[in-house]
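Chemist: Quick one: the structure is below, questions incoming.
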Amino acid sequence: MSGWQRVWRSVFAKFSAAFIVVGLIPLFALSLFSLRTFTDHVERNTNNNLEQMVLFMGYNLDNLFSDYDKVSKLMYYGSTNLETQGASSNRTISVNVEERINEMSINDFLTTVLYSDTFIRNAYFVRSMDNKLYSQTKDNKSFLPEALPLADWTIPLKEQPKQLAVFPVHEETYYKNSKIRVMTVGRNLIDTSGLITATPKIVGTLYFDVDVAVFENLFRELRLGDKDELFVLDADNSVYYSNKEIKKDKVFLPETSDRKSLVLSEEVPFLKGQVVVRVSKGDLYEQLTSIRSTVYMAIVICALALVVMGIWFSRRLSSPIMSVIKQMIRVESGNLESGLVVKTQDEIGRLAHGFNRMVERLKSFINDAYVAEIKQKQAELNALKSQIRPHYLYNTLEVIRMNAVHNDDNEVADMILSLSNQLKYVIDYGEEWVTIRRELEHLKDYFYIIKVRFESRIELRCDVADHVDLDWSMLKLSLQPIVENAIQHGIRPKGGKGTVWVTIETVEDMLGITVYDDGVGIDSDTLERLHAMLQDPKAPSKNVGMKNVHERIRAVCGEPYGLNVSSREHVGTSVRLLIPIRKGEEEHDDSGHSGG
């Protein structure tokens with residue numbers, strides 16, 4: 001495994017990744033969600049405020065043109081009070097304008113118009129009878145009457161002689177060296193004293209220039225930026241006013257907003273047009289962009305702080321674990337002298353403390369095992385010495401048997417041979433598993449003596465299934481105690497003849513050995529106590545042989561192996577042994593069976 005792989009698979013890397021992922025995901029999610037919500041709220045409020053302002057601008061612009069319409073009608077009323085004019089505008093007016101012009105000096109009238117509004121800079125009157133031009137201005141400027149575009153101005157007034165004409169913003173080219181931009185308003189003065197005809201009698205035409213500052217003053221509250229555009233348009237999209245210099249008289253504007261700009265509009269009923277504002281979103285949301293950048297910076301700083309804290313916490317958590325791992329490696333190599341220094345009282349500290357105790361117990365166990373090994377060697381030596389006594393006993397029994405043979409007492413000789421074989425089988429050391437064949441031979445040697453003792457009243461029958469191999473292994477001395485128990489507690493109390501059947505077969509991948517006797521059987525209370533004894537090893541019982549066999553099978557093979565007892569009183573008892581199937585050679589040394 002490479003170094004990088006070890007790092008990525010380490011506890012430190014996993015802790016760090018967990019801290020960072022668990023911390024960063026909520027941080028980013030919550031921050032971005034909050035920022036998005038805040039941004040939408042601010043944008044929505046900004047748009048609403050701008051829409052309200054544009055609506056208000058449209059309303060004021062319509063009022064502005066209405067006021068200048070009233071100014072153009074001063075000749076009809078002979079008054080400069082616009083409030084009085086507005087109050088009387090609903091009445092039918094019949095005035096001989098021609099007589100009023102005679103009564104009132106035209107120059108005085110122009111002066112009245114000129115000073116009726118702060119933003120009116122110049123006023124002109126063209127008398128129809130002789131096309132004489134009169135002019136007044138607030139500034140001491142050199143007037144160039146030949147440059148006055150009367151031909152262009154009279155066109156809409158001829159088409160609609162009774163309507164106010166408004167001309168788009170232009171420079172005062174008819175004043176020498178003047179760059180001031182103005183909007184011109186014109187109206188025909190009609191004689192209303194006579195009969196109303198299809199073609200009205202025009203006495204003269206009034207024109208006055210309005211400084212473009214009136215629009216700048218009106219739209220100042222919008223606080224338009226350098227990239228923002230504002231247009232005052234009529235129904236044909238002719239530009240009456242724009243905050244930008246444009247080369248065309250008409251302009252095409254998108255009706256909807258796009259990603260870069262926001263387009264808002266409001267109708268101006270007097271012009272039958274609209275005021276259109278196209279605002280750059282970059283300028284409109286400049287402060288919001290600054291706030292967003294600050295928030296992003298704060299998120300990055302918090303994320304970095306979280307990463308640093310995650311690494312620090314991970315290092316602090318993984319460092320004790322790494323110390324334990326290093327100490328485990330030293331212990332694995334055989335160094336049991338050094339211990340871990342416990343610095344904390346948390347789970348890691350408890351782990352280190354437990355590891356130190358384990359090492360101490362391991363050292364103690366190794367010392368005990370060393371002493372036990374010495375004792376084992378001594379025990380083997382003593383066992384080797386003790387084998388001398390069984391050999392002496394075998395030899396003695398063999399002498400007695402040969403003496404019985406010599407005296408033609410064959411029955412006694414056979415009994416001594418069976419006893420000698422049993423003694424060899426029982427005393428033989430180092431065996432735990434033997435073949436089924438050897439266990440059955442030992443059982444037959446034992447039963448031969450039983451048969452002679454009870455004068456052939458007790459019979460043994462063995463039935464081995466065809467699929468059972470006699471070379472399979474079973475626990476040594478597991479069959480003879482069960483048969484002995486059947487004889488002592490089953491057949492002998494009955495009296496008379498009896499039979500013990502031994503059946504060997506396979507049961508669900510296990511070796512099943514059944515010992516059945518036709519003795520007196522077991523009553524229900526005793527059978528219940530016997531079952532309890534088999535379930536609880538600590539329970540007292542008189543069936544020592546059966547209990548020992550069951551505990552040996554359970555200790556060596558585990559569950560579900562062991563004994564199972566069933567019985568009917570006055571009928572008989574059946575004991576089944578279940579042990580695992582072991583195929584192969586038995587675990588013993590044949591030399592252990594040789595005589596002395």
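Residue numbers (full-length UniProt numbering): 1 to 596. Every residue gets a Cβ at the ideal spot worked out from N, C-alpha and C, and that includes glycine.
#1: Only counting runs of 4 or more residues, tell me where the alpha helix (DSSP H) segments fall wholly within the segment 455-486, in order along the chain.
#2: In angstroms with no decimal places, state the Cα-to-Cα distance between residue 75 and residue 47.
#3: Give the list of continuous beta strand (DSSP E) stretches no shorter than 3 residues that lie fully inside the segment 493-528.
#4: Helix, strand or coil: which one does DSSP assign to residue 545?
#5: Please tell me whether residue 482 and residue 507 are closer than 9 Å, where the distance is taken between their beta carbons.
#6: Mapping DSSP to helix, strand and coil, what is residue 131?
#7: Over what stretch of residues does the beta strand (DSSP E) that includes residue 567 continue unbroken?
#8: Does the beta-carbon of residue 445 have 16 or more other beta-carbons within 10 angstroms, so that it is buried, or is it exposed?
#9: For residue 412, name the three-state secondary structure that DSSP assigns.
#10: Between the alpha carbons of residue 263 and residue 245, how many angstroms are there, rounded?
#11: Whole angstroms are fine: how far does the CA of residue 28 sit from the CA of residue 366?
#12: So what does DSSP say about residue 235, is it helix, strand or coil?
#13: For residue 571, name the three-state secondary structure that DSSP assigns.
#14: Determine, using beta-carbon pairs with one atom in the segment 316-332 and one in the segment 345-353, whether at least three such pairs fall under 8 Å.
#15: What does the alpha-carbon distance come out to for the pair residue 558 and residue 302?
#16: Quick check: the segment 196-212 against the segment 269-278, are at least 3 beta-carbon pairs closer than 8 Å?
#17: So residue 517 and residue 486 are in contact, right, with Cβ under 8 Å, and what is the actual spacing, rounded?
#18: Measure the alpha-carbon distance for residue 66 versus residue 130 and round it to whole angstroms.
#19: Thinking residue 497 and residue 461 are a contact (beta carbons under 8 Å), I'd like their distance in whole angstroms, please.
#20: Do residue 439 and residue 480 count as a contact pair if the criterion is CB distance below 9 Å?
#21: Can you grab the Cα-Cα spacing for the pair residue 37 / residue 281, in whole Å?
#22: Identify the continuous alpha helix (DSSP H) that holds residue 157 and give its terminal residues.
#23: Please tell me whether residue 226 has its Cβ less than 9 Å away from any Cβ of chain D.
#24: Evaluate residue 182 with the Cβ neighbour count: other Cβ atoms within 10 Å of its Cβ, from every protein chain shown; 16 or more gives buried, anything less gives exposed.
#25: What residue range is occupied by the uninterrupted alpha helix (DSSP H) comprising residue 602?
#26: Using the C-alpha atoms, what's the distance from residue 135 back to residue 176?
#27: Does the distance from the C-beta atom of residue 230 to that of residue 275 stay below 9 Å?
#28: In the segment 169-222, which residue ranges form an unbroken beta strand (DSSP E) of at least 3 residues, counting only runs that do not cross its ends?
#29: Quick one: give me the first and last residue of the alpha helix (DSSP H) that residue 113 is part of.
#30: Given this structure, state the Cα-to-Cα distance separating residue 86 from residue 208, to the nearest angstrom.
#31: Here's the rule I'm using: 16 or more other beta-carbon atoms within 10 Å means buried, otherwise exposed. How should residue 361 be labelled?
#32: If the criterion is Cβ atoms closer than 9 Å, does the pair residue 437 and residue 470 meet it?
#33: Taking 8 Å as the threshold, find out whether the segment 150-168 comes into contact with the segment 184-195 through three or more Cβ pairs.
#34: According to the neighbour-count rule (16 or more other Cβ atoms, all chains shown, within 10 Å of its Cβ), is residue 211 buried or exposed?
#35: Please state if the CB of residue 547 and the CB of residue 534 are separated by a distance shorter than 9 Å.
#36: Going along the chain, which residues of its own chain have a beta-carbon closer than 8 Å to the beta-carbon of residue 421, five neighbours each way excluded?
Modeler: Based on what the coordinates show:
#1: 480-486
#2: 44 Å
#3: 498-507 and 510-517
#4: helix
#5: no
#6: coil
#7: 562-568
#8: buried
#9: helix
#10: 19 Å
#11: 56 Å
#12: coil
#13: coil
#14: yes
#15: 60 Å
#16: no
#17: 4 Å
#18: 30 Å
#19: So it is not a contact: roughly 13 Å between Cβ atoms.
#20: yes
#21: 18 Å
#22: 150-159
#23: Absent here is chain D; the protein component of the structure consists of one chain.
#24: buried
#25: This structure does not reach residue 602, given that the chain is present from 1 up to 596, and the question cannot be answered.
#26: 15 Å
#27: yes
#28: 181-190 and 202-211
#29: 106-114
#30: With a pLDDT of 42 at residue 86, under the threshold of 50, the predicted position of this residue should be treated as unreliable, and no value is reported.
#31: exposed
#32: yes
#33: yes
#34: buried
#35: yes
#36: 441, 442 and 445
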